[in-house]
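Below is one structure, written out as structure tokens; the observations come after it.
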Amino acid sequence: KAGVTQTPRYLIKTRGQQVTLSCSPISGHRSVSWYQQTPGQGLQFLFEYFSETQRNKGNFPGRFSGRQFSNSRSEMNVSTLELGDSALYLCASSLAPSAPLGVNEQFFGPGTRLTVL
Amino acid sequence: EDKVVQSPLSLVVHEGDTVTLNCSYEVTNFRSLLWYKQEKKAPTFLFMLTSSGIEKKSGRLSSILDKKELFSILNITATQTGDSAVYLCAVASGSARQLTFGSGTQLTVLP
Numbered sequence: 001k002a003g004v005t006q007t008p009r010y011l012i013k014t015r016g017q018q019v020t021l022s023c024s025p026i027s028g029h030r031s032v033s034w035y036q037q038t039p040g041q042g043l044q045f046l047f048e049y050f051s052e053t054q055r056n057k058g059n060f061p062g063r064f065s066g067r068q069f070s071n072s073r074s075e076m077n078v079s080t081l082e083l084g085d086s087a088l089y090l091c092a093s094s095l096a097p098s099a100p101l102g103v104n105e106q107f108f109g110p111g112t113r114l115t116v117l
Numbered sequence: 118e119d120k121v122v123q124s125p126l127s128l129v130v131h132e133g134d135t136v137t138l139n140c141s142y143e144v145t146n147f148r149s150l151l152w153y154k155q156e157k158k159a160p161t162f163l164f165m166l167t168s169s170g171i172e173k174k175s176g177r178l179s180s181i182l183d184k185k186e187l188f189s190i191l192n193i194t195a196t197q198t199g200d201s202a203v204y205l206c207a208v209a210s211g212s213a214r215q216l217t218f219g220s221g222t223q224l225t226v227l228p
């Protein structure tokens, strides 16, 4: 079974630009979560999508947004990039919430390394 | 606000040593606690713990959860240089798909 895939793997942008990152979950997984990882703040939850609806949102400004498509693939968008947005963006997939307890662990993709100059 | 605290922040040991990594948490509506190992890329899943007092074991790694005292430990015996990584503890709460991560423990195993 293929794992979680993320594209692109590396991205360099300048301040003020916008960026779109893509995530394809493991086949059969319907929940996709996004995380930002920086040396200073560690791993922080951005948002989670299930059945094309945002179910949870972390404490990030409105410049960070996302969506999920009917095939469970997800995109996140960051507008008006700031230097502090430089980070590793990780996507994780998990089964639907009705899955039995014990199989709701999240599997991470390799991440997209975003550098804002 | 949910909070997960890991200690120590970093640890340097020699091959063959045994290490214990700690994770304490304060969350609303606890569902499960997860341990991940992160080398240079994405975190890889190690264990998920939901019940108190039941040890999960995989080779030289083991973990246990104490829901009364709100902490978990991850033990690694007979450490090897390949165990060098950041070990992350995360707690699933509420919907169980939103994870709150600790800052991680950087483990370095010297030959």
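Residue numbers (my numbering), protein chains in the order written: chain A, 1 to 117; chain B, 118 to 228. For each residue, glycine too, the CB sits at the ideal point set by N, CA and C.
| task | Confirm, please, whether the CB-CB distance from GLN18 (chain A) to TYR49 (chain A) is below 7 Å. | result | Counted from its first residue, the first sequence places residue 49 (chain A) at position 49. Counted from its first residue, the first sequence places residue 18 (chain A) at position 18. Cβ atoms of TYR49 (chain A) and GLN18 (chain A): not closer than 7 Å.
| query | Excluding the five sequence neighbours on either side, which residues of its own chain have a C-beta within less than 7 Å of the C-beta of LYS185 (chain B), listed in chain order? | reply | Residue numbering aside, residue 185 (chain B) sits at position 68 when the second sequence is read from its first letter. Excluding positions up to five away in sequence, the list reads SER169.
| query | Short check: CB of LEU88 (chain A) to CB of GLY111 (chain A), under 7 Å? | reply | For the purposes of this step, residue 88 (chain A) is taken as residue 88 along the first sequence, with counting starting at 1. For the purposes of this step, residue 111 (chain A) is taken as residue 111 along the first sequence, with counting starting at 1. For LEU88 (chain A) and GLY111 (chain A), yes; Cβs fall inside 7 Å.
| said: For the structure I just gave you, are there three or more beta carbon pairs, one from the segment 14–31 of chain A and one from the segment 171–188 of chain B, closer than 8 Å? | reply: no
| said: Just checking: is the beta-carbon of GLN215 (chain B) within a distance shorter than 7 Å of some beta-carbon in chain A? | reply: Residue 215 (chain B) sits at position 98 when you count from the first residue of the second sequence. Yes, its Cβ sits closer than 7 Å to a Cβ of chain A.
| query | Quick one: is THR38 (chain A) buried, meaning 16 or more other Cβ sit within 10 Å of its Cβ, or exposed? | reply | Your numbering for residue 38 (chain A) matches position 38 in the first sequence. THR38 (chain A) comes out exposed.
| request: Quick one: which unbroken beta strand (DSSP E) runs of 3-plus residues sit fully inside the segment 140–224 of chain B? Chain order, please. | output: 147–155, 161–166, 173–175, 178–183, 188–193, 202–210 and 215–218
| request: Apply the 10 Å Cβ neighbour rule to GLU172 (chain B) and answer buried if 16 or more other Cβ atoms are within range, or exposed otherwise. | output: Stepping through the second sequence from its first residue, residue 172 (chain B) is reached at position 55. Exposed: under 16 other Cβ atoms inside 10 Å.
| task | Would you mind telling me which residues of chain B sit closer than 7 Å to PHE60 (chain A), beta carbon to beta carbon, in chain order? | result | One-based indexing of the first sequence puts residue 60 (chain A) at position 60. Correct list: empty, because the minimum Cβ distance to chain B is about 13 Å.
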